[in-house]
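Chains as they are written, first to last, in our numbering: chain A, 7 to 511; chain B, 9 to 338; chain C, 8 to 336.
Cβ atoms here follow ideal geometry from the backbone N, Cα and C, with glycine treated the same way.
Just below is one structure, and these are the notes that go with it.
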């Protein structure tokens, strides 16, 4: 099936597959994008969109299937091969070199050269300045080092870099995850300009209003393959296609709002990226935190857990004031906070160690007497927990790295449940997790709330927050910008509160 | 689906993943092979006496390697071993002045010194954020300067003292036909193994070596554990110094120098992953034996020192390539 | 099009200061060390240090400067070269036994010796980049190999470096080797702007991201180690010229002192940041400290103690200043 009669597709994926260590990330996925088309790829995290983009951008090789660029079969062993064909990508994990300046990053491999073939630094900075100004991003200082500018600025620089190569095909993986309204408007202006020029622009996003405003075509992905391609698509239909379920059955019914005692009270918390944050969380309540990346929710969670230092403010757990200087303080029974970090690979799990060791990592003091570990008790507790969470594994001794994403997440959650926390901090726990496991996690969250635990949850998926929480606090630039209460919270409300920026006034 | 395999004790599985076991086996096989080759070259090399002699010398390397194992398991390294060892040797001799009644105090003082130096290393590395290479390198210099300075280049009045007879006996004597040194080493092997596999401290060590950030977020006291591990490294370097001065009778300068390379090589040959998180001391034990056996074979071949140096390095590289290929680590 | 936000530009000087904090600190340390040296010298010798002191200081520091540059190239790629001392030993030994009276022959041998250094570096580079082994382990093993080779070449200190050669490199009569220091600094500034220089820094920043941008990471690493070997060889040649004879073991200390020079020079051991000029300054700081200790009549036996203490203090100071300027580590 080729595109509109006579038009050669800009980029085509034909039944592409790719597996990582036994897990099929992309499974016979196909995609067609025409020149001058703005094409949105939608799907849950882990549905294969990012991997497909990596394949089409030359970052990863497919196990099978064919890639066609401008109608010709090609093989892309490196991103460079893609560049030569006019394919440029802005990946989700930003690839700026942290200690090189913005200018050096922008013009990497095409620096202006002077005599002796050496880089002319004056022209380097002036050209970078010009590039940024032409595209409307002059507030980013080309002389600043990449690690010193904000996350949003880094995302803008990456986008500018890709666009400046005048691509025929541009991939943008989650380009708006940390951009406020006017920055998104800027991006869409650029996308429209590229469309007029004839570039095929493919991007991924979770925000329906963005997608519907700019996309000419939408392809839905589920479980590693494409399940439909449309010119118009309602959000409900999209969700049904993405998850394989009707929208109403995606989330279990929200339990009643509890009237329990206040389990966590935060007053005037100030710190890195946090300004005067206050909140109160009751036992049995599920409180959501929403907001763009880089706007303080990460710092909030990590400060509450003692993993980062707040500058001022008070925190009370179970009515008692606490000073949490490290996660160790938090874990010690009596305080009972537990954090499930989003990046389980770098921050959560010990991939080479066994499932059992990972499960019991936080309760080692309880499992040892005089310093010696009681392996029998450890085994028993690990078994019980793994069974309770229905972790699908070969055995408790298998390395946790051998599990699928969803099961890995269960192990991480299981570790924290063993701590028996009063307050559970869940940070983007369903990221990269398959739908079935997500369901189980939702039910678990509700069960925990029913037991009287207080839950503070952050999710990058606004839809999730809308359906899972009794209340949602939206953070913007480090402050609580909005408070939404169930029933009737919608993802739009959450996103709107997150992206509105003060300069727009 | 769980428990479908042959059941092994939980603790056994948790540390001895098959790669580690394989490498410990390789190191053991290498040691045996070296004895065989040595016997072919110089008959009598594999005699009981000869093997014993190699094992005793290997025990010195093994003691230092114990400390090195601890810090390498968390992805660190201890470059201060040479002069902590040397300082310990001199401290023991000068504080005991060769008298047995002072021996217990002298030994305690010396071991305490080693541990203290190690703790200082740990504080610099874990609390002050100084890279391990730099901190332990600097500490080596500090210990060298202090030792040379305080002993006036080993010309001080008490510097020519002998080690107390009881310490010398420990290094030379036999108990039930087995050299006491080897019994001491066996005890160390037992203690270190228990520490690593059966205690909470050991579990924390492996966890930190696997992923220090995740361990921190899981509530482990990464800093305290790290400081303790470096303290252990200093302790064992000092212990080796005591053993060496007991073995040689008097202290001298430079006795610690060969042990830096040897301890690291022994640990790596034994399958401990240089970036931390995987491996066991038993591997370093066989690694030490292999290294000393290698030197002995080369000496039996009448190879001059430079040749030993070269072959040493080549063999280490070959082993590294063999290991690297196998596990696909980078 | 309306700007996305108001432009608040940081002044250029602040950028330069923050991004080169390590270098600035090295300059500060050198100045402080020089002042201390002059003060101590004046107090004990009752006159200012003169041409002779300058000449001998520069000549004695040159090998460390070169070894430091070698280490810098490797450290920038996030590696470490423990075999520097071994290459210095080897090339020192070869220099002492091959140089003769014919300038043409000497020139040829100089080139060959530099190539020996390159070969040593190439070995390291291949093992690290292609063999995918950890640099610290590879270079620990090759150190042993190179040291063995050095002793094989020159079992006892000896050999002869002709006067003319020494005068050219490490002139005992005048501080002409400052010229070489300046040459190195200029070469570095040029190198920093060359393809390879940028690639080395990029690889040290983030090897994966560099790969994604088309930088040949393996090739870059191999070249960094190879070039490092050339500079280590230059250090050996200089050492031989300065001592006018050869010794196969005096180079051993350069492994560790080259790392000290690199750290004092503000080059980050985790790669991606730093300047060889900092290392050059760091080498001189090291020598200055030794001189200060000497003229202050500090017991020379305690020298390493003070050096070790200084190294720790320098690292802490650099870290502290970094935090003060609000940088991420």
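Those residues which DSSP pairs with residue i across a bridge
{"i": "residue 276 of chain A", "result": "A:318"}
{"i": "residue 433 of chain A", "result": "A:464"}
{"i": "residue 187 of chain A", "result": "Note: residue 187 of chain A sits in no beta bridge, so no partner."}
{"i": "residue 45 of chain A", "result": "A:208, A:223"}
{"i": "residue 105 of chain C", "result": "According to DSSP, which records beta bridges pairwise, residue 105 of chain C is partnered with nothing at all."}
{"i": "residue 283 of chain A", "result": "A:275"}
{"i": "residue 23 of chain A", "result": "A:70"}
Distance between residue j and residue i (C-alpha atoms, nearest Å)
{"i": "residue 179 of chain A", "j": "residue 159 of chain A", "result": "16 Å"}
{"i": "residue 419 of chain A", "j": "residue 460 of chain A", "result": "15 Å"}
{"i": "residue 194 of chain A", "j": "residue 226 of chain C", "result": "39 Å"}
{"i": "residue 210 of chain A", "j": "residue 124 of chain B", "result": "56 Å"}
{"i": "residue 90 of chain B", "j": "residue 240 of chain B", "result": "15 Å"}
{"i": "residue 196 of chain B", "j": "residue 229 of chain A", "result": "53 Å"}
{"i": "residue 247 of chain C", "j": "residue 239 of chain C", "result": "13 Å"}
{"i": "residue 82 of chain A", "j": "residue 277 of chain C", "result": "32 Å"}
{"i": "residue 391 of chain A", "j": "residue 296 of chain B", "result": "42 Å"}
{"i": "residue 193 of chain B", "j": "residue 149 of chain B", "result": "28 Å"}
{"i": "residue 46 of chain C", "j": "residue 299 of chain C", "result": "9 Å"}
{"i": "residue 84 of chain B", "j": "residue 284 of chain B", "result": "8 Å"}
{"i": "residue 308 of chain A", "j": "residue 314 of chain A", "result": "5 Å"}
{"i": "residue 58 of chain A", "j": "residue 286 of chain B", "result": "34 Å"}
{"i": "residue 148 of chain A", "j": "residue 183 of chain A", "result": "23 Å"}
{"i": "residue 200 of chain B", "j": "residue 74 of chain B", "result": "7 Å"}
{"i": "residue 141 of chain A", "j": "residue 113 of chain A", "result": "15 Å"}
{"i": "residue 53 of chain B", "j": "residue 133 of chain B", "result": "44 Å"}
{"i": "residue 172 of chain A", "j": "residue 266 of chain B", "result": "60 Å"}
{"i": "residue 502 of chain A", "j": "residue 220 of chain A", "result": "17 Å"}
Short Cβ contact (8 Å threshold) for residue i with residue j
{"i": "residue 130 of chain B", "j": "residue 42 of chain B", "result": "no"}
{"i": "residue 312 of chain A", "j": "residue 428 of chain A", "result": "no"}
{"i": "residue 266 of chain A", "j": "residue 288 of chain A", "result": "yes"}
{"i": "residue 309 of chain C", "j": "residue 157 of chain B", "result": "yes"}
{"i": "residue 152 of chain A", "j": "residue 296 of chain A", "result": "no"}
{"i": "residue 253 of chain B", "j": "residue 171 of chain B", "result": "yes"}
{"i": "residue 161 of chain C", "j": "residue 241 of chain C", "result": "no"}
{"i": "residue 347 of chain A", "j": "residue 225 of chain B", "result": "yes"}
{"i": "residue 130 of chain C", "j": "residue 149 of chain C", "result": "yes"}
{"i": "residue 207 of chain B", "j": "residue 367 of chain A", "result": "no"}
{"i": "residue 106 of chain C", "j": "residue 187 of chain C", "result": "no"}
{"i": "residue 39 of chain B", "j": "residue 294 of chain B", "result": "yes"}
Contacts of residue i in chain A (Cβ-Cβ under 7 Å)
{"i": "residue 257 of chain B", "result": "What residue 257 of chain B touches in chain A: nothing, since even the nearest Cβ is about 38 Å away."}
{"i": "residue 206 of chain B", "result": "378, 379"}
{"i": "residue 219 of chain C", "result": "65, 85, 101"}
{"i": "residue 29 of chain B", "result": "Residues of chain A passing the Cβ test: none, with the nearest at roughly 13 Å."}
Interface partners of residue i on chain C, CB under 9 Å
{"i": "residue 199 of chain B", "result": "None at all; the shortest Cβ gap to chain C is about 27 Å."}
Cβ-Cβ separation, residue j to residue i (assumed contact under 8 Å), whole Å
{"i": "residue 176 of chain A", "j": "residue 94 of chain A", "result": "6 Å"}
{"i": "residue 165 of chain C", "j": "residue 243 of chain C", "result": "Contact doesn't hold; Cβ gap of about 15 Å is too wide."}
{"i": "residue 265 of chain C", "j": "residue 71 of chain C", "result": "7 Å"}
{"i": "residue 98 of chain B", "j": "residue 159 of chain B", "result": "6 Å"}
Partners in chain A for residue i, counting only beta-carbon separations shorter than 9 Å
{"i": "residue 27 of chain C", "result": "Here the premise fails: no neighbours, minimum Cβ distance about 11 Å."}
{"i": "residue 279 of chain C", "result": "103, 104, 105, 106"}
Beta-carbon neighbours of residue i, restricted to chain A and to distances below 8 Å
{"i": "residue 78 of chain B", "result": "By Cβ distance, chain A contributes nothing, its closest Cβ being about 16 Å from residue 78 of chain B, past 8 Å."}
Within chain B, partners of residue i - CB distance below 9 Å
{"i": "residue 163 of chain C", "result": "By Cβ distance, chain B contributes nothing, its closest Cβ being about 12 Å from residue 163 of chain C, past 9 Å."}
{"i": "residue 229 of chain C", "result": "Per Cβ cutoff of 9 Å: no residues; residue 229 of chain C is ~15 Å from chain B at best."}
Partner residues on chain C for residue i, Cβ-Cβ distance less than 8 Å
{"i": "residue 263 of chain A", "result": "None at all; the shortest Cβ gap to chain C is about 40 Å."}
{"i": "residue 150 of chain A", "result": "17, 22"}
{"i": "residue 299 of chain B", "result": "Correct list: empty, because the minimum Cβ distance to chain C is about 12 Å."}
Chain B contact residues for residue i, given Cβ-Cβ distances below 7 Å
{"i": "residue 427 of chain A", "result": "Under the 7 Å cutoff, chain B gives no residues; its nearest Cβ is about 11 Å from residue 427 of chain A."}
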